[in-house]
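Data first, discussion second: the structure below is written as structure tokens.
Protein chains: 2
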Amino acid sequence: MITQMQNDILDTAQAMAQSRGFNGFSFRDLAAAVGIKPASIHYYFPTKGELGAALASRYTGRLVEILGDPSDGRLDALMARYIAVFRATLQDDGRMCLCGLMAAELDALPEAMQTEVARFVEANVSWVAAVLRAGTGLADGVEVRARARAIFAALEGAMLVARGSRDVAAFDAMVEVFTASGLIPNAKRVSEGQF
Amino acid sequence: MITQMQNDILDTAQAMAQSRGFNGFSFRDLAAAVGIKPASIHYYFPTKGELGAALASRYTGRLVEILGDPSDGRLDALMARYIAVFRATLQDDGRMCLCGLMAAELDALPEAMQTEVARFVEANVSWVAAVLRAGTGLADGVEVRARARAIFAALEGAMLVARGSRDVAAFDAMVEVFTASGLIPNAKRVSEGQF
DNA sequence: GTCTATAATTTGATAGAC
DNA sequence: GTCTATCAAATTATAGAC
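Those sequence lines, one after another, are chains A and B.
Going by our numbering, the first residue of the first sequence is number 47, and it counts up by one from there.
Going by our numbering, the first residue of the second sequence is number 47, and it counts up by one from there.
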């Protein structure tokens, strides 16, 4: 069971981690922003590593929930939904993807967090791969997962780069290039048999 | 003038920053790895922020030097050289791009470092854009820079994702998808007029 | 230039009152 | 549950001997 206070703490911690990195904020910063004392944070999350693992776990869970069934809808609608998730994160105070950022600092994180980051990556790759299979009729196998991984990576990179310029338009422009080049499939190309 | 000791310190600091993030190592860690005392680090770099700015600046300078003239060579050779720079970083003990990682933790870095990160991004985008102009005959303008930015972002994302699996082959597979899809141009496609 | 010594602050974390 | 009080360790940084 997740309490309201746990959620408040996680919300605030997530915002800080997404803008400063997991090692870029302290329990004191976090407590001050939430409006409680550092010792109270420890009551809910004994160690910072456990807080971080909970952060990443919730993040992945929410993504899976938002994305939903990868076979429910047309290819372009599903991809648009996927892209919208990344875009919304970036638009929300210029945040980087939480797990993308954790992947960057990976060696500085406790093992439990590293595992959660890997789960996030896998959730993305498997969902996009499922969309590609259902929407394009591509055969199963490494090839589809390789393409899914490339799409995921490109969007993570676009977030990373766009964050610097503090402009969501930069992200949109990169996504447009990904789509126009054929990396990210769209309905038009599929109907034309180019994908 | 850059002394030998300054270079040793920067080399070690760079390796640590690339695997743990800039906030993931201390002057104590750094000094121990170099084989000197923390106070001696301060002699060369008064503050950690100045060390970080020097790190990013040297990193960008080396990139520019390695890449060379963007109009000297064929399109596919130039792009191959560009990709090889990222690949070499990843292969070298599984490191993430220094400035890509700094871009992730951006809000936690002093302003001087943020400026250097922006310079790195600009160096990449302008070099790739120049290659695209010379090699594909594309007109100048926002469009070429948008494509260059997308290519840079995709490679940064590929490094980020590949680092998790500790396998350079994952990076190669993503680059292959980028190339096959047409995001990263190659000579064959250009000669066929598809780009 | 490199060190010892140390300051001043911050950090993650615990004990125990309420 | 939340707090005060506190800890031990780590952090960036400085002063000054050698």
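All C-beta atoms in this analysis are idealised placements derived from N, C-alpha and C, irrespective of residue type, glycine included.
In this chain, the alpha helix (DSSP H) harbouring B/S227 covers V214 to S227.
Among the CB atoms of chain A, none fall inside 8 Å of the CB of B/S72. The C-alpha of B/E111 lies about 12 Å from the C-alpha of B/Y128. Taking C-beta separations shorter than 7 Å and ignoring five residues to either side along the sequence, the partners of B/V80 in its chain run D54, I55 and T58, following chain order. Counting the other Cβ atoms within 10 Å of the Cβ of B/I230 gives 16 or more, which makes it buried. For B/N53, the secondary structure class from DSSP, reduced to helix, strand or coil, is helix.
The beta carbon of B/F224 sits closer than 6 Å to those of A200 and I230, all from its chain and outside the five residues before and after it, given in chain order.
Taking the Cβ atoms as the reference, B/L109 lies roughly 6 Å from B/A169, within the contact range of under 8 Å.
For B/F224, the C-beta contacts it makes with chain A under 7 Å involve A196 and L229, in order along the chain.
Secondary structure note for A/P92: it is in no alpha helix (DSSP H), with a DSSP letter that is neither H nor E.
Just measuring C-alpha positions, the residue of B/V177, B/R104, B/A208 and B/C145 sitting nearest A/R195 is B/A208. Within the stretch 139-165 of chain B, contact with chain A at the beta-carbon level (separation under 7 Å) is assigned to M142, G146, L147, A149, A150, E151, L152, D153, A154, V163 and A164. For A/L124, the nearest beta carbon of chain B is not closer than 8 Å to its own beta carbon.
The Cβ of A/G203 sits closer than 8 Å to at least one Cβ of chain B. Chain B has a Cβ within less than 8 Å of the Cβ of A/L206.
The residues L56, A59, Q60, A63 and L144, in chain order, have a CB closer than 7 Å to that of A/L101 in the same chain once the five nearest residues on each side in sequence are set aside. Identification of residues in the stretch 55-68 of chain A having a C-beta nearer than 8 Å to some C-beta of chain B yields S65, R66 and G67, given in sequence order.
A distance below 7 Å between beta-carbons, with the five flanking residues on each side excluded, links B/V190 to the following residues of its chain, in chain order: A175, L178, R179 and L184. Contact of B/V167 with chain A is assigned, a C-beta pair being separated by under 8 Å.
The beta carbon of A/G210 falls within 8 Å of a beta carbon belonging to chain B, placing the residue at that interface. Three or more beta-carbon pairs separated by less than 8 Å link the stretch 149-159 of chain B to the stretch 63-79 of chain B, which places the two stretches in contact.
A/L206 is positioned such that its CB atom lies closer than 8 Å to that of B/A149.
Excluding the 5 residues flanking it on each side, A/D186 has same chain C-beta neighbours closer than 7 Å at R179, in chain order. If you draw a 10 Å sphere on the C-beta of A/M142, you find 16 or more other C-beta atoms in it, and that means buried.
The C-beta of B/R193 comes closer than 8 Å to at least one C-beta of chain A. Distance from the CA of B/S86 to the CA of B/L155, rounded to the nearest whole angstrom, comes to 23 Å. For B/L155, there is no enclosing alpha helix (DSSP H), since its DSSP letter is neither H nor E. For A/A199, a Cβ of chain B is located within less than 8 Å of the residue's own Cβ.
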